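Each residue of the sequence shown is one higher than the last, beginning at 60 in my numbering.
Quick reminder that beta carbons are idealized off the backbone N, C-alpha and C, glycines included.
Just so we're clear, the structure is a prediction, and the values are computed from it rather than from any experiment.
Encoded as structure tokens, the structure appears first; notes follow it.
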Amino acid sequence: MSELKFSLTGIYGGTFDPIHYGHLRIAEELTDIIGFQTIHFIPSGSPRLRCDPFASRYHRLMMTHLAIQNNSKFILDAREINREGKSSSVESLREYKYESGDDKTALCFIIGIDAFMKLPLWYCWRELFTLCHFIIVHRPGRISMMNQDTLPQDLKKECASRWVTNSNDLKRQSSGLVFVASTSLLDISATAIRSFFSAEKSTRYLLPDAVLDYINIHHLYSGEE
60 MSELKFSLTG IYGGTFDPIH YGHLRIAEEL TDIIGFQTIH FIPSGSPRLR
110 CDPFASRYHR LMMTHLAIQN NSKFILDARE INREGKSSSV ESLREYKYES
160 GDDKTALCFI IGIDAFMKLP LWYCWRELFT LCHFIIVHRP GRISMMNQDT
210 LPQDLKKECA SRWVTNSNDL KRQSSGLVFV ASTSLLDISA TAIRSFFSAE
260 KSTRYLLPDA VLDYINIHHL YSGEE
């Protein structure tokens with residue numbers, strides 16, 4: 060068996076519209092489960108496969124900053140916010156590889172099951188396996204275990220030899236593996252939080268107080284911003 064020669068860095072993208080405790084708890088637990096040195100939070104600019112977010116790029120960047128600023132292992136990355144046009148994970152990962160010049164660090168892309176199932180729709184999706192590992196997390200209220208037979212045929216074929224069940228295996232090569240993480244997911248969604256704000260219901264304990272205060276100050280998700 061090959062040696063554990065790579066350190067691991069998490070890449071956590073999303074609209075973060077708004078960022079909430081569900082996102083943060085996943086990142087915190089994965090830090091322990093996977094052994095991440097750091098996790099880079101990348102708010103998306105304009106997603107390719109989704110409608111544009113409700114809050115502006117700037118507001119989502121600021122909310123993410125407020126949510127993670129006190130955790131030294133969580134790093135904010137504004138590259139997709141600053142990029143013109145549609146967001147592209149493959150472009151961001153290419154940039155990471157080029158900028159770091161580090162051949163001893165493996166990037167691990169954190170992704171939900173729903174998004175992973177749609178991976179064949181992503182731009183240059185096969186190239187992603189040459190740039191990173193995938194860490195799949197479950198969405199609350201959905202299937203509790205990853206069923207490989209439900210994957211689209213192209214994705215199932217691509218992943219056939221990539222599945223690993225021991226997170227240490229991720230440290231044996233620089234990219235190309237798929238690991239399903241078992242975390243205590245909180246049943247919190249940004250959609251529900253936005254609807255609570257719109258209905259003037261309490262969102263306390265669903266997201267950090269600093270983010271809640273920011274939303275209230277700027278009247279986000281109330282139709283007044």
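Comparing C-alpha distances from P211 to each of K64, R263, L120 and A174 shows the shortest one belongs to A174.
Counting only unbroken stretches of 4 or more residues, the alpha helix (DSSP H) elements lying wholly within the region 188-267 are 212-218 and 249-257, in sequence order. Taking C-alpha positions only, R142 is separated from S61 by approximately 38 Å.
Within the region 84-137, the alpha helix (DSSP H) runs of at least 4 residues that lie entirely inside it are, in chain order, 116-127. Residue burial is scored here from C-beta neighbours: D76 has at least 16 other C-beta atoms within 10 angstroms and is therefore classed as buried. If you draw a straight line from the Cα of N206 to the Cα of D111, it comes to about 30 Å. Taking every protein chain shown into account, the CB of P267 has 16 or more other CB atoms within 10 angstroms, so this residue is buried. Where Y71 is concerned, the enclosing beta strand (DSSP E) starts and stops at S66 to G73. Looking at the DSSP output, F168 shares a beta bridge with I70 and F193. Less than 8 Å separates the beta-carbon of L125 from that of V270. For S159, the uninterrupted alpha helix (DSSP H) segment begins and ends at S148 to S159. Here the alpha carbon of P179 sits roughly 11 Å from the alpha carbon of K216. Collapsing the DSSP output to three states places D162 in coil.
Excluding the 5 residues flanking it on each side, K132 has same chain C-beta neighbours closer than 8 Å at T90, F95, Q96, T97 and I98, in chain order.
Per the Cβ contact rule, the region 69-89 is in contact with the region 245-260 (3 or more Cβ pairs under 8 Å).
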